[in-house]
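Report on the following structure.
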Ligand SMILES: [Zn+2]
């Protein structure tokens, strides 16, 4: 008897991290049931002729601002933008108010965001109190995020107390994270160094406008050498502790960071992974002069970032989504040291990625490795997610490598209402986003319902009881 599938995606080029071939994908009960075909019996069919079908893209650096700053973004608008942008899975950050650093606040965040999500997601637990890490892990945190930083005027990470600047506490957080088997994702810094030198050479001299900020970036002050020095200490503590370290904001730091990660990974065999920020490769001096304070993710050395991908130093690519309102950031033209720092990215990420494929910077297989397969492995969800194996969740992004898009403020679903990339063209676009077999975006239009996206616990979560749906492979 012929099996009748729920969905068949037909005639596309199926593309994984290692191969591409023409095949149909059959979906049953939200999972990939078969690859090959033809599969004649299906309730729904999607024609992917001329398109590529990839394991759904992940975006692992989202600030959806809930709870506490929902005037900037909320979990509904953020994950809608993700769906529109061809992203099937998001990981959300922790600089919320209240911040999810205790079981109570983590559970509160889980409950708040669940009815709003358009795509599947995971939540970092906030690393602040070593004693709460185990409870966060059991409650399903995907990893422990640590802000080893504090902005020079404390406008970031908005909640100054989230900054873990004491290396003893940082080390205890690493111990606790290691003991539960999760990884620690860290924004490194040496804030006193940054503060002292930035005040000395800029703020105290009245040099605060956007040009001065860019100059301070070029000098390695703002989010510069302090980040690399913070990384150096952290790598060592992580190594002697034995915790898995996920290094955030690579590409935005001076290139010395790549050298340290290379040494840790390849000479010492340390369990370290690096998250590369695509904005550091896309931004140019002209773009930065045009966009001004709406992005802080300015370029450092784009070619070094591309080399980090080629050399295996960078494991994951993101286009960080850290939205603020225009009213908050536009005063940065006059005083960039006093405005919150961020930029948009979750909706623009996949077209930018496909554009890089068209430019020959990456293959589509590389894109799948960096933005689907490897993140799923790092966070322990592979092959249930981030793969096209039979039995995996049917998370698929269908992409048209020939379609051209121009980024416009008016097309953005983020609450900010603007894109950092206004007017920029990309060749390559997602045309369909499928999460566990359900179409959540078709031809740029979000068609899924809020609340469909499912919370996906990390590997240290307490197993679900028999009355709730199975969540682990
Ligand atoms: Zn961030």
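Numbering (UniProt numbering), first residue to last: 1 to 473. Here a beta-carbon is modelled for each residue, glycine too, at the ideal position from N, C-alpha and C.
{"Item": "Check whether residue 273 and residue 378 have beta carbons under 8 Å apart", "Value": "yes"}
{"Item": "Three-state secondary structure assigned by DSSP to residue 195", "Value": "helix"}
{"Item": "Three-state secondary structure assigned by DSSP to residue 415", "Value": "coil"}
{"Item": "Sequence ranges, beta strand (DSSP E) only - wholly within the stretch 213 to 264, length at least 3", "Value": "244 to 250"}
{"Item": "Cβ contact check for the stretch 361 to 371 and the stretch 53 to 61: 3 or more pairs under 8 Å", "Value": "yes"}
{"Item": "Check whether residue 339 and residue 328 have beta carbons under 8 Å apart", "Value": "yes"}
{"Item": "Three-state class that DSSP yields for residue 336 in the structure shown", "Value": "helix"}
{"Item": "Inter-residue spacing [alpha-carbon to alpha-carbon] between residue 121 and residue 91", "Value": "6 Å"}
{"Item": "Cβ neighbour criterion (16 or more within 10 Å) applied to residue 278", "Value": "buried"}
{"Item": "Which of helix, strand or coil DSSP assigns to residue 371", "Value": "helix"}
{"Item": "Check: residue 69 C-beta below 7 Å from any heavy atom of ligand 3", "Value": "In the structure shown, ligand 3 is absent; the only ligands present are ligand 1."}
{"Item": "Residue span of the beta strand (DSSP E) that contains residue 305, given as start and end", "Value": "Unbroken run through residue 305 is the alpha helix (DSSP H), 302 to 310; no beta strand (DSSP E)."}
{"Item": "Pair within 8 Å by beta-carbon distance, residue 233 and residue 151", "Value": "no"}
{"Item": "Whole-angstrom distance between residue 399 and residue 239, CA atom to CA atom", "Value": "40 Å"}
{"Item": "Buried/exposed call for residue 205, threshold 16 Cβ in 10 Å", "Value": "exposed"}
{"Item": "For residue 11, the first and last residue of its enclosing alpha helix (DSSP H)", "Value": "First-last for residue 11: 5 to 15, but that is the beta strand (DSSP E), not the alpha helix (DSSP H)."}
{"Item": "Span of the alpha helix (DSSP H), counted from its first residue to its last, around residue 60", "Value": "Per DSSP, residue 60 belongs to no alpha helix (DSSP H); it is in the beta strand (DSSP E), 57 to 62."}
{"Item": "Buried versus exposed, by CB contacts within 10 Å (16 or more), residue 10", "Value": "buried"}
{"Item": "Any 3 or more C-beta pairs closer than 8 Å across the stretch 104 to 123 and the stretch 131 to 145", "Value": "yes"}
{"Item": "The beta strand (DSSP E) enclosing residue 145, as first and last residue numbers", "Value": "144 to 147"}
{"Item": "Segments of 3+ residues assigned as beta strand (DSSP E) that fall wholly inside the stretch 115 to 177", "Value": "120 to 123 and 144 to 147"}
{"Item": "Validate contact between the stretch 111 to 130 and the stretch 448 to 455 using beta carbons, cut 8 Å, 3 pairs", "Value": "yes"}
{"Item": "Contact belief for residue 224 with residue 260 at Cβ below 8 Å, rounded distance in angstroms", "Value": "Not confirmed; about 14 Å, so no contact."}
{"Item": "Any non-hydrogen atom of ligand 1 within 7 Å of residue 61 CB", "Value": "yes"}
{"Item": "Residue environment, residue 385, which counts as buried when at least 16 other CB atoms sit within 10 Å", "Value": "buried"}
{"Item": "One or two residues paired with residue 379 in a DSSP bridge", "Value": "Bridge partners of residue 379: none, in fact."}
{"Item": "Separation of residue 193 from residue 146, as counted between CA atoms", "Value": "19 Å"}
{"Item": "Proximity of residue 175 and residue 130 at Cβ, strictly below 8 Å", "Value": "yes"}
{"Item": "Which listed residue (40, 14, 117 and 42) has its alpha carbon closest to that of residue 435", "Value": "117"}
{"Item": "Contact test: residue 320 Cβ vs ligand 1 heavy atom, cutoff 7 Å", "Value": "yes"}
{"Item": "Residue 286 - containing alpha helix (DSSP H), residue span", "Value": "285 to 291"}
{"Item": "Cβ-heavy atom distance, residue 93 to ligand 1, below 7 Å", "Value": "yes"}
{"Item": "Boundaries (first-last residue) of the beta strand (DSSP E) holding residue 351", "Value": "Where residue 351 is concerned, there is no enclosing beta strand (DSSP E), although the alpha helix (DSSP H) it sits in stretches over 349 to 358."}
{"Item": "Endpoints, the alpha helix (DSSP H) within which residue 75 is located", "Value": "75 to 84"}
{"Item": "Residue 318, buried or exposed, once every other Cβ within 10 Å from all chains shown has been counted against 16", "Value": "buried"}
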